[in-house]
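What follows is one structure encoded as structure tokens, with my remarks underneath.
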Amino acid sequence: MAGATPKTSWFSLDWPVYEIRETFFSYLAENQYAKLSSTPVIPIDDPKVPLIHTCLNRLKGALNGTGSHRTCFSLRCIVTSSDDVIEHFRSDATYHRFTEILGSWSSGDYFKEEAIGLLHSLLSKKYGLPESIIHATYFSGDTSSGLSPDNESKTALQKCIGEERILPSMSKEDFWMSGETGPCGPYVGIFVDGSNSQDGVNGKFIEISRTVFVEFNRQADGVLSPLQAKHIITGINLQCLAAILQKKESLYELDDYDNIIDCISSRAGEEFDSYSGKVGEADTDGVDTAYRLLADHMRMISVTNAPGSQLGKCVMFRLVTNVNNYNISVWLVC
Numbered sequence: 004m005a006g007a008t009p010k011t012s013w014f015s016l017d018w019p020v021y022e023i024r025e026t027f028f029s030y031l032a033e034n035q036y037a038k039l040s041s042t043p044v045i046p047i048d049d050p051k052v053p054l055i056h057t058c059l060n061r062l063k064g065a066l067n068g069t070g071s072h073r074t075c076f077s078l079r080c081i082v083t084s085s086d087d088v089i090e091h092f093r094s095d096a097t098y099h100r101f102t103e104i105l106g107s108w109s110s111g112d113y114f115k116e117e118a119i120g121l122l123h124s125l126l127s128k129k130y131g132l133p134e135s136i137i138h139a140t141y142f143s144g145d146t147s148s149g150l151s152p153d154n155e156s157k158t159a160l161q162k163c164i165g166e167e168r169i170l171p172s173m174s175k176e177d178f179w180m181s182g183e184t185g186p187c188g189p190y191v192g193i194f195v196d197g198s199n200s201q202d203g204v205n206g207k208f209i210e211i212s213r214t215v216f217v218e219f220n221r222q223a224d225g226v227l228s229p230l231q232a233k234h235i236i237t238g239i240n241l242q243c244l245a246a247i248l249q250k251k252e253s254l255y256e257l258d259d260y261d262n263i264i265d266c267i268s269s270r271a272g273e274e275f276d277s278y279s280g281k282v283g284e285a286d287t288d289g290v291d292t293a294y295r296l297l298a299d300h301m302r303m304i305s306v307t308n309a310p311g312s313q314l315g316k317c318v319m320f321r322l323v324t325n326v327n328n329y330n331i332s333v334w335l336v337c
């Protein structure tokens, strides 16, 4: 099957996005995971969640169940934000709001040590990432919330990753909660150090994966009680991983953006340069910012504008508003 053996070079255009995806599924199939079908980016059965933005949206309803399960899936996600969206696109060539997450869910089966080892083996052996660039964070507790440190994950990480590349996180955001009450648990984050490459990813630490260990049930009084069946949910950001493997400083230079960027360039005409990945002050005319914003929004519009979806029309209106607010004449021809 495609991607069954590691590449000889980890920074390589031999890693097209489709093969990164297939390598993920073939690896998990080897470990007895069943593949689930894709789901719409606009949830059908959860009116409280207007858009899928994490793996947890898809699996939240299953977290109170019992039994043993191993499944994997690809999930299209849209991240909503009240921040200055245009400034993000201007200053960061890796910023994107539409992404594909490669996800896995294990329930009532193995737990932290095995899960962390499985993920590390995927990254280091199947994708061939050098050990020296793989870093991790674990939840180190939050005294104000009465949350204990996740020492079990720390110990498991130390068996795979050098201790100097493991950092504690005291952020409450690294302890996932499904709501005021209900299933919850700590995160482990995996980061790649792009500065160890010759040119890749502009010398930045890129978070490529998050795993949440759903092991507690939060009661109304704040007490955490153990769940009958513990869950492991891992999400890998496909675009961020592809940027590392393809040695790209900008996500918009990935092979799965080729057709979109080419379409924008051809419609913009000779008046505008081709996309060159400039950010911040270097993007003096704002054209590269325009490429990034439009390419990302085109992908979002294509998946939210499903037939009969009124919510999709509302989302599309908001996206087009973002485009119109960015006052550059390239939009007039697209």
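Note that the working numbering has the sequence shown beginning at 4, numbered continuously upward.
Quick reminder that beta carbons are idealized off the backbone N, C-alpha and C, glycines included.
Rounded straight-line distance, which links the Cα of residue j to that of residue i
{"i": "S147", "j": "S156", "result": "21 Å"}
{"i": "W179", "j": "Y190", "result": "7 Å"}
{"i": "E22", "j": "V226", "result": "44 Å"}
{"i": "R93", "j": "D196", "result": "22 Å"}
{"i": "R100", "j": "Q35", "result": "32 Å"}
{"i": "S212", "j": "C163", "result": "15 Å"}
{"i": "G283", "j": "D258", "result": "24 Å"}
{"i": "P53", "j": "T307", "result": "No answer about P53 holds up, because its pLDDT of 42 lies below 50 and its placement is not dependable."}
{"i": "R302", "j": "V88", "result": "16 Å"}
{"i": "H123", "j": "S305", "result": "34 Å"}
{"i": "S109", "j": "D17", "result": "30 Å"}
{"i": "I239", "j": "L150", "result": "26 Å"}
{"i": "T74", "j": "S107", "result": "6 Å"}
{"i": "L78", "j": "H91", "result": "23 Å"}
{"i": "G6", "j": "E256", "result": "The predicted position of G6 is uncertain, since its pLDDT is 41 and thus under 50; no value can be drawn from it."}
{"i": "K175", "j": "D153", "result": "12 Å"}
{"i": "F28", "j": "S127", "result": "16 Å"}
{"i": "I236", "j": "N262", "result": "32 Å"}
{"i": "G192", "j": "L170", "result": "10 Å"}
{"i": "H72", "j": "A118", "result": "14 Å"}
{"i": "L241", "j": "C80", "result": "11 Å"}
{"i": "A159", "j": "F76", "result": "25 Å"}
{"i": "Y260", "j": "P186", "result": "37 Å"}
{"i": "P19", "j": "A246", "result": "10 Å"}
{"i": "T97", "j": "P133", "result": "21 Å"}
{"i": "G188", "j": "E103", "result": "23 Å"}
{"i": "M173", "j": "S277", "result": "43 Å"}
{"i": "F142", "j": "H234", "result": "17 Å"}
{"i": "I264", "j": "L39", "result": "31 Å"}
{"i": "R24", "j": "S41", "result": "13 Å"}
{"i": "G131", "j": "Q222", "result": "43 Å"}
{"i": "D288", "j": "Q161", "result": "47 Å"}
6 Å CB neighbourhood of residue i in its chain, flanking five on each side removed
{"i": "L125", "result": "Y30"}
{"i": "C243", "result": "I209 and I211"}
{"i": "K207", "result": "G197"}
{"i": "F194", "result": "H138, F208 and E210"}
Environment of residue i [buried if 16+ CB atoms lie within 10 Å]
{"i": "S279", "result": "exposed"}
{"i": "V290", "result": "buried"}
{"i": "T140", "result": "buried"}
{"i": "A32", "result": "exposed"}
{"i": "G144", "result": "buried"}
{"i": "K129", "result": "buried"}
{"i": "L121", "result": "buried"}
{"i": "K214", "result": "Per the sequence presented here, residue 214 reads as Thr, with Lys not at that position. That one is buried."}
{"i": "T184", "result": "exposed"}
{"i": "D177", "result": "buried"}
{"i": "S135", "result": "exposed"}
{"i": "A37", "result": "exposed"}
{"i": "G165", "result": "exposed"}
{"i": "V167", "result": "Going by the sequence as given, residue 167 is Glu instead of Val. Exposed, because fewer than 16 other Cβ atoms sit within 10 Å of the Cβ of E167."}
{"i": "T26", "result": "buried"}
{"i": "G182", "result": "exposed"}
Residues near residue i in its chain [Cβ-Cβ closer than 7 Å; skip 5 each side]
{"i": "D299", "result": "H99, R100 and F101"}
{"i": "K281", "result": "D291"}
{"i": "D286", "result": "R93 and T292"}
{"i": "D95", "result": "V282"}
Contact with chain D by residue i, beta-carbon distance below 7 Å
{"i": "F275", "result": "Among the chains in the structure shown there is no chain D, since it carries only a single protein chain."}
Original post:
What are the complete alpha helix (DSSP H) segments, minimum 4 residues, inside the segment 211-265?
Top reply: 241-248
Subject >> Inter-stretch contact (C-beta, 8 Å, three-pair minimum) for the segment 264-272 and the segment 286-300 >> reply: Flag = yes, the segment 264-272 and the segment 286-300 touch.
**OP:** Could you name each continuous alpha helix (DSSP H) segment of 4 residues or more that falls completely within the segment 78-153, going from the start of the chain to the end?
**Re:** 88-94 and 115-124
Original post:
Should the segment 105-117 be called in touch with the segment 217-236, which here means at least 3 C-beta pairs below 8 Å?
Top reply: yes
Original post:
Three or more C-beta pairs closer than 8 Å, one from the segment 245-263 and one from the segment 222-236: is that the case here?
Top reply: no
Original post:
Taking the runs of the beta strand (DSSP E) that are 3 residues or longer, which of them lie wholly in the segment 167-194?
Top reply: 169-172 and 178-180
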